[in-house]
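What follows is a short report on a single structure.
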Amino acid sequence: MALREIRVEGDEILEKSCKPVKAMTERLKELVGDMFETMYHADGVGLAAPQVGVLRQIFVVDIGDGKRFVCINPEVTAVGEEIQTGEEGCLSVPGKQGIVTRPLNVHVKALDINMEPYEFDASGLLARAMCHENDHLSGVMYTTKVEGELEDVNYEDLEETDDEDSEG
14 MALREIRVEG DEILEKSCKP VKAMTERLKE LVGDMFETMY HADGVGLAAP
64 QVGVLRQIFV VDIGDGKRFV CINPEVTAVG EEIQTGEEGC LSVPGKQGIV
114 TRPLNVHVKA LDINMEPYEF DASGLLARAM CHENDHLSGV MYTTKVEGEL
164 EDVNYEDLEE TDDEDSEG
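Set out below in structure tokens:
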């Protein structure tokens with residue numbers, strides 16, 4: 014596995030639609046492993062293939078609850094009309110975050126790394142991550158959904174706060 018370069022806002026590849034995966038190859042399996050390694054290295058919870066320069070319908074998600082998701086050719090649909098509004102960021106827009114409204118609950122149909130179909134329901138942060146990464150596959154950046162302005166995020170301040178919280 015290897016770290017891949019994360020493409021940042023302004024890179025045209027992030028605005029393009031991805032092609033479906035027709036067959037799993039060793040090269041695509043390597044891509045999925047690299048995507049997880051790259052996502053973890055960047056402290057992300059999700060990463061889509063176009064963010065590392067590959068126009069294929071693949072994304073990975075791990076919100077830190079012990080479950081890792083590989084979603085190939087996914088379909089993400091809202092379940093019900095409940096919504097969640099909250100802060101969202103993106104590895105392709107470093108140092109920024111904004112308020113985005115997403116479905117509270119979604120149903121995901123996808124293929125796993127072995128091209129076997131599976132489906133599941135997601136809520137809260139997992140639903141947000143699934144929607145966010147799925148948008149990338151259509152060339153949609155979260156910045157187009159931000160309510161108000163993007164804000165700067167100072168990650169060093171967040172780490173200091175986390176350290177203070179863990180000491181007390």
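Per my numbering, the sequence shown starts with residue 14, numbered consecutively. Beta carbons: idealized from backbone N, C-alpha and C, even for Gly. Note that the structure is predicted; figures quoted are calculated from it, not measured.
Quiz item: Out of curiosity, what's the CA-to-CA distance linking Val-166 and Gly-108?
Solution: 5 Å
Quiz item: How long is the line joining the alpha carbons of Ala-15 and Val-65, rounded to whole angstroms?
Solution: 12 Å
Self-check item: Where Ala-55 falls, given that 16 or more other Cβ within 10 Å makes a residue buried
Solution: exposed
Quiz item: Closest by CA to Leu-68, which one among Ile-96, Pro-33 and Thr-114?
Solution: Pro-33
Quiz item: What do you get for Glu-88, buried or exposed, if any count of 16 or more other CB atoms within 10 angstroms of its CB means buried?
Solution: The residue is exposed, with fewer than 16 neighbouring Cβ atoms inside 10 Å.
Self-check item: Sequence-distant residues of its chain with Cβ nearer than 8 Å to Met-154 (five each side left out)
Solution: Glu-22, Leu-27, Glu-28, Cys-103, Ser-105, Val-106 and Asp-148
Quiz item: Ends of the alpha helix (DSSP H) at Tyr-53?
Solution: Taken as a continuous stretch (DSSP letters only), the alpha helix (DSSP H) holding Tyr-53 covers 39-54.
Quiz item: In terms of residue numbering, what span does the alpha helix (DSSP H) encompassing Ala-140 cover?
Solution: Its alpha helix (DSSP H) spans residues 137-149.
Self-check item: CB-CB length for Gly-59 against Glu-146, believed under 8 Å
Solution: 4 Å
Self-check item: Local conformation of Pro-33 per DSSP, three classes
Solution: coil
Quiz item: Out of Gly-161, Met-37 and Glu-160, which has the shortest C-alpha to C-alpha gap to Gln-70?
Solution: Met-37
Quiz item: Taking the beta strand (DSSP E) that Gly-111 falls in, what are its first and last residues?
Solution: 109-116
Quiz item: Run through DSSP, which three-state label would Gln-97 get?
Solution: strand
Exercise. Measure from the alpha carbon of Lys-80 to the alpha carbon of each residue in Thr-157, Leu-138, Lys-42 and Asp-47, then state which is nearest.
Key: Leu-138
Practice problem: Go to Gly-59, then tell me how far its beta strand (DSSP E) extends in each direction, as first and last residue. | Solution: 59-61
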